[in-house]
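So the sequence lines, in the order shown, correspond to chains A and B.
So in my numbering, spot 11 of the first sequence is number 13, and the numbers just go up one at a time.
So in my numbering, spot 34 of the second sequence is number 215, and the numbers just go up one at a time.
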Amino acid sequence: AQTVTQSQPEMSVQEAETVTLSCTYDTSENNYYLFWYKQPPSRQMILVIRQEAYKQQNATENRFSVNFQKAAKSFSLKISDSQLGDTAMYFCAFIPTSGTYKYIFGTGTRLKVLA
Amino acid sequence: ETGVTQTPRHLVMGMTNKKSLKCEQHLGHNAMYWYKQSAKKPLELMFVYSLEERVENNSVPSRFSPECPNSSHLFLHLHTLQPEDSALYLCASSQVDGSYNEQFFGPGTRLTVL
Chain A
3 AQTVTQSQPE
13 MSVQEAETVT
23 LSCTYDTSEN
33 NYYLFWYKQP
43 PSRQMILVIR
53 QEAYKQQNAT
63 ENRFSVNFQK
73 AAKSFSLKIS
83 DSQLGDTAMY
93 FCAFIPTSGT
103 YKYIFGTGTR
113 LKVLA
Chain B
182 ETGVTQTPRH
192 LVMGMTNKKS
202 LKCEQHLGHN
212 AMYWYKQSAK
222 KPLELMFVYS
232 LEERVENNSV
242 PSRFSPECPN
252 SSHLFLHLHT
262 LQPEDSALYL
272 CASSQVDGSY
282 NEQFFGPGTR
292 LTVL
């Protein structure tokens, strides 16, 4: 079975500091996509960053970057210069490219940025 | 309205009631999804519609009945629910065109079953 594991239920970070959220996944597929989504309190879930497994270069979006280790099946999210608005639940998600519509999500990490 | 909208935002219902959740996407996407979000559990995919045809039905109890009348609208009809069905129900849409693009989510309907 394909699974996504986020081992940190809650984390906190001081404003302006850097934090890394971990995500591991299990699959026998070779081609797939990985995503990090952010769900702020009482607000809609939005995409933070997306990585295609066949691309070796790690994706970056402004202050957000990933460390994608395909062999280790690891996909961590690094948030630099944390801001109060980064306080949210963060979900890691995965979907193979084998024709399924089934995105698989982790249980989420609740991140709190402290002033 | 832009993006993905859901109504109602909050719903309280008894176990014998019948209600419907509505989702509308204004993005021109060709796939729509229903998820159940419970605390400390992964998002559970319930149903997927692609081009108005159901392509995934993830072993969901028959007391949940989806309907997709066109590519912009998705409904979830509810009847004789159980208290354990209380959760946040999220609708999402995406454009599937040979690659897997991001899903756009609605704000959710917070459902409480008494």
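From the three backbone atoms N, C-alpha and C, an ideal C-beta is built for every residue, glycine too.
Just so we're clear, the structure is a prediction, and the values are computed from it rather than from any experiment.
Self-check item: Proximal residues to B/PRO189 (C-beta, below 7 angstroms), its chain only, five neighbours per side dropped
Solution: THR290
Practice problem: Compare the beta carbon distance of A/SER84 and A/THR20 with 8 angstroms and say whether it is the shorter of the two. | Solution: Cβ atoms of A/SER84 and A/THR20: closer than 8 angstroms.
Practice problem: Determine, using beta carbons only, whether A/ARG112 comes closer than 8 angstroms to chain B. | Solution: no
Practice problem: Grab the span of the beta strand (DSSP E) containing A/THR20 for me, first residue to last. | Solution: Unbroken run through A/THR20: none, as it is neither H nor E.
Exercise. Below 9 angstroms between beta carbons is the criterion; list the residues of the segment 25–47 of chain A that meet it against any residue of chain B, in chain order.
Key: TYR34, TYR35, PHE37, TYR39, GLN41, SER44, ARG45, GLN46 and MET47
Quiz prompt | Proximal residues of chain B, C-beta to C-beta of A/ASN97 below 8 angstroms | solution = Checking the sequence, you will find Ile at residue 97 of chain A rather than Asn. Correct list: TYR281.
Quiz prompt | Segment contact flag, the segment 27–47 of chain A with the segment 77–92 of chain A, C-beta cutoff 8 angstroms, min 3 pairs | solution = Taking 8 angstroms as the limit for Cβ pairs, the verdict is that the segment 77–92 of chain A does touch the segment 27–47 of chain A.
Exercise. Taking only beta-carbon positions, decide if A/LEU79 is within less than 8 angstroms of chain B.
Key: No, no contact with chain B.
Quiz prompt | Extent of the continuous beta strand (DSSP E) run through B/HIS191 | solution = 191–194
Exercise. Please check if any C-beta of chain A sits within less than 8 angstroms of the C-beta of B/GLU233.
Key: no
Quiz item: Taking Cβ-Cβ distances shorter than 7 angstroms, what residues in chain B pair up with A/ARG52?
Solution: Chain B residues near A/ARG52: GLU283.
Exercise. Specify the secondary structure class of B/LEU208 as computed by DSSP and reduced to three states.
Key: coil
Self-check item: Where A/THR49 meets chain B, residues with beta-carbon distance less than 7 angstroms
Solution: It is worth fixing the name first, because residue 49 of chain A is Leu in this sequence and not Thr. Here the neighbours are GLU283.
Exercise. Any chance you could list the beta strand (DSSP E) runs of at least 3 consecutive residues sitting entirely within the segment 71–106 of chain A, in chain order?
Key: 76–81 and 90–98
Quiz item: Helix, strand or coil: which one does DSSP assign to B/ASP266?
Solution: helix
Quiz item: Looking at C-alpha atoms only, which residue of A/ARG65, A/ASN69, A/LEU86 and A/TYR103 is the closest neighbour of A/GLU17?
Solution: A/LEU86
Self-check item: Listed by chain order, chain A residues near B/VAL241 by CB distance under 8 angstroms
Solution: Near B/VAL241 there are no residues of chain A at all, since even the closest Cβ is about 13 angstroms away, more than 8 angstroms.
Exercise. Could you tell me whether the Cβ of A/LYS72 comes closer than 8 angstroms to any Cβ of chain B?
Key: no
Quiz prompt | Short CB-CB distance (under 8 angstroms) between A/PHE66 and chain B | solution = For A/PHE66, the answer is no, since every Cβ of chain B falls outside 8 angstroms of its Cβ.
Quiz prompt | Bounding residues of the beta strand (DSSP E) (the contiguous stretch that carries A/VAL50) | solution = 48–54
Quiz item: How far does the beta strand (DSSP E) with B/ASN238 in it reach, from first residue to last?
Solution: 234–238
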